[in-house]
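*Asks:*
Numbering (my numbering), first residue to last: 143 to 695.
Printed below as a string of structure tokens:
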């Protein structure tokens with residue numbers, strides 16, 4: 143999906159419209175994409191449209207740029223925020239507006255939003271749902287709104303007509319102003335401008351189609367600030383992963399999980415752009431009192447490449463855990479993160495994690511989570527028919543030959559998951575997950591061959607006096623033999639212990655391993671039930687998840 147006109151196209155359109163005989167397409171006083179209208183049918187500009195929501199004598203701040211010198215002159219009676227913004231910018235803008243407005247002040251937000259999207263449709267635009275939900279939690283009460291989508295459509299149609307061309311010959315119409323403009327550029331720049339013109343026309347066509355679909359809207363929302371309406375946490379200071387240093391969450395980590403904070407593990411998990419998070423403070427610059435993090439995971443989603451969000455390190459400082467209802471800090475943080483990270487239009491289509499049952503029960507009661515499966519422990523028994531001619535060697539996924547073997551095995555495995563959801567397990571992933579892990583020496587990655595041919599990859603770890611099968615990469619038809627061969631490797635080790643595997647329950651049934659279940663692990667696999675997304679349509683038991691998918695083992 144198109145976010146908006148690219149920078150080059152915006153500049154080109156601006157220059158063309160300024161050169162045209164008609165000035166009907168000027169951007170006007172309200173900042174925004176150049177294809178949005180400066181005037182409605184009655185000839186009044188956007189600023190005139192906003193006048194009905196302004197009171198005489200009000201101090202009005204236009205724009206929410208952090209570096210604006212006017213921002214320091216708070217409190218304001220009204221803030222006008224116009225133009226297309228990325229959905230990740232929305233939280234910061236709303237928090238900034240709340241800090242700059244007086245209580246009872248007015249916020250006017252005009253821009254592009256998505257509505258009623260029910261299929262995976264990646265976009266940088268925020269949804270109406272996310273704006274209205276977050277603004278309400280921050281103490282903004284919606285008092286009015288206006289839909290200007292038809293005006294945006296008309297502006298695009300007029301621009302398309304102005305730039306109409308003969309697509310067969312790639313020649314532009316003989317408009318005198320356009321011919322004059324191109325002639326003045328010289329041959330080389332004329333050719334480059336013709337190419338840029340083609341890009342602009344294609345972008346306008348894409349935008350027109352998105353507006354025609356009914357999902358892309360140009361709207362204005364008017365809020366009054368009433369901090370008492372948003373609950374006890376409406377004045378929270380929210381920040382993303384760039385707003386804090388890892389050491390700032392060390393204390394709350396220890397209080398929440400009763401173990402020491404590991405900076406190296408944190409960097410491995412969240413570094414290199416893999417991770418995202420939201421933190422809450424009671425005042426700007428104050429200590430972090432809550433954190434909800436997650437990492438991006440490449441997945442196969444019914445045979446399609448997608449990204450999932452793996453929730454990690456959900457922490458609320460015990461001293462501020464006042465309640466667990468919709469006025470709780472936990473709800474505030476989780477809902478905000480889901481709206482930013484999981485759903486049809488944002489970066490991650492699905493969400494998953496490994497909460498314990500009390501947390502799961504609370505999240506389901508609040509409408510944040512739904513349940514997709516249970517998580518169980520299996521015992522891998524001695525094989526009644528020992529695998530014949532299997533050889534086992536240490537896997538080194540960073541070595542090209544072993545990486546290729548891992549990639550080949552993953553390609554064979556993924557064919558069995560066209561009706562399911564599974565995290566990718568190619569060589570690059572295995573290298574990151576195990577070889578580059580700060581505690582990688584605790585893993586035993588193995589390459590299993592039969593008659594010299596790679597048949598499976600198994601990764602083991604010593605855990606609570608037994609061997610835990612973290613990952614098994616193989617076609618489903620080879621799983622039983624691969625598990626049996628791995629059991630024989632364990633039996634030959636000097637360290638005693640049973641071999642167990644953690645797996646989502648539905649796949650236990652599909653493998654016919656029900657008789658191997660030792661216990662329920664007390665973990666239920668959740669999905670995002672809050673922000674509209676494909677999670678809610680997942681068939682029960684779709685996810686294949688093993689211990690290797692957990693971030694803390």
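Cβ coordinates follow ideal geometry from the N, Cα and C atoms, glycine included.
When you compare only the Cα positions, how much space is there between residue 545 and residue 539?
*Replies:* Their backbone Cα atoms lie some 5 Å apart in a straight line.
*Asks:* May I have a chain-ordered list of the alpha helix (DSSP H) segments no shorter than 4 residues that lie completely inside the region 192–272?
*Replies:* Fully enclosed alpha helix (DSSP H) runs of 4 or longer: 232–242.
*Asks:* In whole angstroms, give me the CA-to-CA distance for residue 439 and residue 379.
*Replies:* Approximately 28 Å, taken between the alpha carbons.
*Asks:* Looking at residue 359 and residue 257, is the spacing between their C-beta atoms short of 8 Å?
*Replies:* Cβ distance < 8 Å, so residue 257 and residue 359 count as in contact.
*Asks:* If we ignore side chains and look at the alpha-carbon of each, how far apart do residue 220 and residue 422 end up?
*Replies:* When rounded, the distance between both Cα atoms is 26 Å.
*Asks:* Distance, Cα to Cα, residue 480 vs residue 594?
*Replies:* Spanning the two alpha carbons is a distance of roughly 47 Å.
*Asks:* Check whether the region 359–374 touches the region 286–299, taking contact to mean three or more Cβ pairs, one atom from each stretch, closer than 8 Å.
*Replies:* Because the criterion of three Cβ pairs below 8 Å is met, the region 359–374 and the region 286–299 touch.
*Asks:* Run the CB neighbour count on residue 673, radius 10 Å, all protein chains shown included, and call it buried at 16 or more, exposed below.
*Replies:* Buried, by the Cβ-count rule.
*Asks:* Do the region 653–671 and the region 514–522 meet, that is, are 3 or more Cβ pairs less than 8 Å apart?
*Replies:* Contact between the region 653–671 and the region 514–522 is present, because at least three Cβ pairs lie under 8 Å.
*Asks:* With DSSP as the reference, label residue 448 as helix, strand or coil.
*Replies:* Strand at residue 448.
*Asks:* In angstroms with no decimal places, state the Cα-to-Cα distance between residue 470 and residue 611.
*Replies:* Residue 470 and residue 611: Cα-Cα distance of roughly 38 Å.
*Asks:* Starting from residue 493 and walking both ways along the beta strand (DSSP E), at which residues does that stretch end?
*Replies:* That run of the beta strand (DSSP E) goes 492–494.
*Asks:* From the DSSP output, in three-state form, read off residue 506 for me.
*Replies:* Helix, per DSSP.
*Asks:* From which residue to which residue does the alpha helix (DSSP H) around residue 472 run?
*Replies:* First-last of the alpha helix (DSSP H) with residue 472: 471–483.
*Asks:* Alpha carbon to alpha carbon, how far is residue 371 from residue 282?
*Replies:* Whole-angstrom Cα-Cα distance: 8 Å.
*Asks:* Tell me whether residue 157 sits in a helix, a strand or coil according to DSSP, three-state version.
*Replies:* Three-state DSSP puts residue 157 in a helix.
*Asks:* Unbroken beta strand (DSSP E) runs of length 3 or more, entirely within the region 624–666: which are they?
*Replies:* Complete beta strand (DSSP E) runs here, min 3: 641–646.
*Asks:* What residues in its chain sit with their C-beta under 6 Å from that of residue 184, if we drop five residues either side in the sequence?
*Replies:* In this prediction, residue 184 has a pLDDT of 37, which is less than 50 and means its spatial position is unreliable; nothing more can be read from the coordinates.
*Asks:* Whose C-alpha, out of 623, 635, 592, 579, is nearest the C-alpha of residue 99?
*Replies:* Because the chain spans 143 through 695 in this model, residue 99 falls outside it and cannot be assessed.
*Asks:* My understanding is that residue 405 touches residue 388, with C-beta atoms under 8 Å, so please give their C-beta distance in whole angstroms.
*Replies:* The pair is a contact, with the Cβ atoms about 6 Å apart (cut-off 8 Å).
*Asks:* Can you tell me whether residue 433 is buried or exposed? The criterion is at least 16 other CB atoms within 10 Å of its CB, across all chains shown.
*Replies:* By the 10 Å Cβ count, residue 433 comes out buried.
*Asks:* Cα separation between residue 341 and residue 148?
*Replies:* The straight-line gap from Cα to Cα measures roughly 9 Å.
*Asks:* How many whole angstroms separate the CB atoms of residue 512 and residue 686, which I take to be in contact at a CB cut-off of 8 Å?
*Replies:* Actually they do not touch by this definition, with Cβ atoms about 18 Å apart.
*Asks:* Below 6 Å CB to CB, which residues in the same chain sit around residue 174 once its five sequence neighbours on both sides are set aside?
*Replies:* Bear in mind that the predicted position of residue 174 carries a pLDDT of just 39, short of 50, making it too unreliable to give a figure here.
*Asks:* Closest to residue 277 by CA distance: which of 620, 474, 483, 400 is it?
*Replies:* Taking only the C-alpha atoms, the option nearest residue 277 is 474.
*Asks:* By the DSSP assignment, the alpha helix (DSSP H) with residue 544 in it spans what residues?
*Replies:* Note, residue 544: alpha helix (DSSP H), 542–556.
*Asks:* In chain order, what residues of the same chain have a beta carbon less than 7 Å from the beta carbon of residue 551, not counting five sequence neighbours either side?
*Replies:* 596, 598, 599, 615, 616.
*Asks:* My output table needs one value for residue 290: the three-state DSSP class, helix, strand or coil.
*Replies:* Coil at residue 290, not helix or strand.
*Asks:* In the structure shown, what three-state DSSP assignment does residue 353 receive?
*Replies:* DSSP places residue 353 in helix when its eight states are reduced to three.
*Asks:* In whole angstroms, what is the alpha-carbon distance linking residue 317 and residue 339?
*Replies:* With a pLDDT of only 46 at residue 317, under 50, the local geometry of the prediction cannot be trusted, and the value read off the model is given with reservation. Taking the straight line joining both Cα atoms gives about 15 Å.
*Asks:* Can you look up residue 386 in the DSSP assignment and give me helix, strand or coil?
*Replies:* Residue 386: coil per DSSP, three-state reduction.
*Asks:* Grouping DSSP H, G and I as helix and E and B as strand, with all else coil, what is residue 573?
*Replies:* DSSP places residue 573 in helix when its eight states are reduced to three.
*Asks:* Note down, in chain order, each residue of its chain lying with its Cβ closer than 6 Å to the Cβ of residue 627, except the 5 sequence neighbours on either side.
*Replies:* So the list reads 529, 532, 590, once near-sequence residues are dropped.
*Asks:* Would you decide whether residue 186 is buried or exposed? Buried here means 16 or more other CB atoms lie within 10 Å of its CB.
*Replies:* Interpretation of residue 186 is limited by its pLDDT of 39, a score under 50 that renders its predicted location unreliable; no figure is taken from the coordinates.
*Asks:* Grouping DSSP H, G and I as helix and E and B as strand, with all else coil, what is residue 302?
*Replies:* Residue 302 falls in the helix class under three-state DSSP.
*Asks:* I need the DSSP call for residue 343, collapsed to helix, strand or coil.
*Replies:* In this structure, residue 343 counts as helix in the three-state DSSP scheme.
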